[in-house]
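First comes the structure, then the notes that go with it.
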DNA sequence: ACCTATTTGTGCGTATGTATT
DNA sequence: CAATACATACGCACAAATAGG
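Residue numbers (full-length UniProt numbering), protein chains in the order written: chain A, 1 to 242; chain B, 1 to 242.
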């Protein structure tokens, strides 16, 4: 019978009670241990764990093995401008943030239909795939996967490895300047592959930006898919430019 | 000892196995029952449930009590342009989609510091808050909250209620045209308040667009915060315009 | 209309593993 | 090393929704 006062399950009511305690300030930083919460609410420890799991999924709590369960403080999001001119380094330095890119890996792949259309190459044409991790103050901020035509940019990978900058690597390859043609944005849960690199929870949310850069003649230069941690970033679009 | 082959927990390996089966097409639409999966993988039913819960959080699966657990079909996302000229109705009709807005509620509120700065009014100044739900083919697509200065637009609420269009309501209020000054985008889990209106899972992800519209003289007209379901939308930004 | 089998959801008890203090 | 606290895993029981006879 389990003595349900209404149609709400016990773990939901425990979760609601904890959420209320946090909102009212009764619980400020750290939760009582699971066994104590179980006693206090008159439920099994598993039921408390179920409630904590739900609140963790909401992003409200964070459990650390051996230490305890803590209320998540949400720092203000970094503002990331998107527009015609997109330069990671410049954007960050405007906000007094020292950025750095890290090369994760590079590979040659064959263009599928979608990629071929974006980069204006034949289906099956060889592409360089460049995997990068953007780091700010030692904190991973975004993961990006860039695609370049091998035919047009045969040495782009080594150029990036040397300079650590897409802009400079493209200059070495004869592209003096480039601009963004289109940026498409959506959001998903982080892929398991990126969890370790981004040092985030396995159910974190990432903003996904799919973009195509073009040179001054309008020819596609790179197609890039960037994953930003949504709780650390806000993408800003200003028509006027700045 | 539980016979862990490596450092990965059993539920994770079951989850990985299920994910692989889906990717390879071995499982197409519906999963075998939990008890059968438990037998097949040599684990307890709870362990299978843990794996299914993780994959559900990823959006890959959907469990229905009494029926079974199903693979989520992901329909292609609707592309939503963001740029200087933002007109919900026009945007949707370009993709042969018939939109409609629904008035959820309206309220008078006092401007806090942030809102006051955005709308260029005094802190504490009265604002109209307009709550809307955008619906496409009977399917809820986005929830938005608009703020207008009461002083400048005393009758905006009734004008919207009559016309069902922000653009037309503003025209009635003497704003012949307007454009977007800035759009900021991030993502969060859906707020419990919006779950019912958006008819989504309680842990769904929403893209959040915070934007300010200005009239042709550059004066702020409205501040609007829109929540799009991330699995139904892709926001597109093209510098050139279209 | 009813009953039954199937399937997911909830809850408790117990034991053990692992990281932190 | 010991105590504490979260993580994983198994087993059992019953509730609730669904589907079919």
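The C-beta atom is built at its ideal place from N, Cα and C for all residues, glycine as well.
C-beta neighbour in chain A for residue i, strict 8 angstroms
i	result
residue 77/B	yes
residue 198/B	no
residue 49/B	no
residue 234/B	yes
residue 203/B	yes
residue 38/B	no
residue 104/B	no
residue 230/B	yes
residue 189/B	yes
residue 214/B	no
residue 8/B	no
residue 22/B	no
residue 130/B	no
7 angstroms Cβ shell around residue i - same chain, five flanking residues per side excluded
i	result
residue 50/B	11
residue 142/A	134, 226, 227, 228
residue 35/A	45
Chain B within 8 angstroms of residue i, Cβ atoms only
i	result
residue 267/A	Residue coverage of chain A in this structure runs from 1 to 242, which leaves residue 267/A outside it and unanswerable.
residue 59/A	yes
residue 4/A	Low confidence applies to residue 4/A: its pLDDT is 40, below 50, so where it sits in the model is not reliable, and the reading given next is rough at best. By this cut-off, residue 4/A is not an interface position.
residue 185/A	yes
residue 15/A	no
residue 107/A	no
residue 217/A	no
residue 207/A	yes
Within 8 angstroms, strictly: CB atoms of residue i and residue j
i	j	result
residue 170/A	residue 207/A	no
residue 17/B	residue 46/B	no
residue 215/A	residue 175/A	yes
residue 106/B	residue 130/B	yes
residue 219/B	residue 120/B	yes
residue 172/B	residue 159/B	yes
residue 54/B	residue 110/B	no
residue 243/A	residue 115/A	This structure leaves residue 243/A out entirely; chain A is present only between 1 and 242.
residue 39/B	residue 230/A	no
residue 27/B	residue 71/B	yes
residue 82/A	residue 237/B	yes
residue 103/B	residue 140/B	no
residue 19/B	residue 60/B	yes
Neighbourhood of residue i by C-beta, 6 angstroms cutoff - its chain only, sequence neighbours within 5 removed
i	result
residue 185/B	209
residue 37/B	48
Anticipated Cβ contact below 8 angstroms, residue i with residue j, distance rounded
i	j	result
residue 180/B	residue 211/B	6 angstroms
residue 165/B	residue 224/B	Not a contact, Cβ separation roughly 14 angstroms.
residue 146/B	residue 222/B	5 angstroms
residue 101/B	residue 132/B	5 angstroms
residue 205/B	residue 52/A	Not quite, the Cβ-Cβ distance comes to about 21 angstroms (not below 8 angstroms), so this is no contact.
Sheet register partners of residue i (DSSP bridge)
i	result
residue 229/B	206/B
residue 79/A	234/A
residue 178/B	215/B
residue 105/B	131/B
residue 62/B	70/B
Residues of its chain near residue i, where Cβ-Cβ distance is below 8 angstroms and the 5 sequence neighbours each way are ignored
i	result
residue 57/A	203
residue 182/A	211, 212
residue 112/A	123
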